[in-house]
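To start, the structure itself, in structure tokens.
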Amino acid sequence: YDIQVATVEDKEEILNFLRKFFFKDEPLNKFLGLIDEKTPTCLDLEDFSTKEIDNNLNLKAVHNGKIIGISLNGLLKRGYLEEEDDLHITDPKFVKIVRLLERVSKESDVFARFPDSDTAVTVKILSVNDAYRGQGIARELVNKTRELAKQIGAGFITVDCTSHFTALAVKKLGFELHYKLNYADHKENDEVVFKPELPHEAVTVYVQKI
Ligand code: ACO
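Numbered per my numbering, the sequence shown finishes at 237, counting up by one with no gaps.
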């Protein structure tokens, strides 16, 4: 397979890929039953995934002309937490994920760890076709993301790992664990929000200086 920069022309194929895999099998999406026969997609997650499709930081792994994996990446700037983002989430399930990710961003405060850096690349969505998993494709996508981050002069790279397998992949690349929140400790109205299947016990943030 080949890893290439994805462009706006790939948007439809990427969305189809996400609908087929990520929306169904990312541990939190799966736990919530984000999509099913009656709800074939989640428009809020489509917007979240592709709103930065034209930033030249998104990667696709291609085999025989077909996408088999993607890394959808964003550019972060110091102070981003104070800015209002332009996503308008209405899906009652996806909003739970957004609230978790907001908590993780605030508590992990990655820029505090890198006082000399004002920009970073964040891996937002990692997804590999289930027939190709366990072969290091996710690791290679993150490795290439790191090269792109270096080319644009970003100070560090950061990954919010909702899946234990993502954490394993980035650990192998030498990323350091910066933050961890056990799903059992994330509650709303005194109730644990996510109980994904094992081994997905925590959301972690892994970082690496570039
Ligand atoms: N069972 C046990 N271990 C597994 C499995 C599995 N089903 N799948 C991957 N692993 C392990 C691998 O052995 C490897 O660990 P190791 O290097 O210590 O052996 C590690 O997880 C990662 O392996 P890769 O081969 O690089 O990862 P892969 O190409 O399989 O993709 C991914 C990993 C993207 C998480 C894939 O499983 C997937 O698409 N899952 C569903 C969507 C998802 O959860 N995405 C990540 C959410 S977090 C985020 O998006 C930033």
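Glycine included, C-beta positions come from ideal geometry on N, C-alpha and C. Here the structure is a predicted model, which is why all the values come from computation and not from measurement.
query	result
What do you get for residue 122, buried or exposed, if any count of 16 or more other CB atoms within 10 angstroms of its CB means buried?	exposed
Does the distance from the C-beta atom of residue 171 to that of residue 80 stay below 8 angstroms?	no
I need the straight-line Cα distance from residue 46 to residue 91, nearest angstrom please.	20 angstroms
Output yes if chain D places a C-beta closer than 8 angstroms to the C-beta of residue 222; else output no.	The structure shown contains no chain D, having only a single protein chain.
Would you mind listing the beta strand (DSSP E) stretches within the region 98 to 126 that are 3+ residues and don't spill past its ends, in chain order?	none
Residue 223 and residue 57: beta carbons closer than 8 angstroms?	yes
Excluding the 5 residues preceding and the 5 following residue 157 in the sequence, name in chain order all residues of the same chain whose CB lies nearer than 6 angstroms to its CB.	none
Check whether the Cβ of residue 21 sits closer than 7 angstroms to any heavy atom of ligand 1, and report yes or no.	Because the chain here runs from 28 to 237, residue 21 falls outside it and cannot be looked at.
Any heavy atom of ligand 1 closer than 7 angstroms to the CB of residue 189?	yes
At the level of alpha carbons, what is the spacing between residue 77 and residue 183?	22 angstroms
Per DSSP, what kind of secondary structure is residue 218 in: helix, strand or coil?	strand
DSSP on residue 84, reduced to helix/strand/coil?	coil
Assign residue 130 to buried or exposed, taking buried as 16 or more other Cβ atoms, counted over all protein chains shown, within 10 Å of its Cβ.	exposed
Out of 51, 82 and 75, which one is the CA nearest neighbour of residue 67?	51
Please classify residue 139: is it buried, with 16 or more other beta-carbons within 10 angstroms of its beta-carbon, or exposed?	exposed
Pull up the distance between the alpha-carbon of residue 71 and that of residue 118, whole angstroms please.	7 angstroms
Are the beta-carbon atoms of residue 208 and residue 229 separated by less than 8 angstroms?	yes
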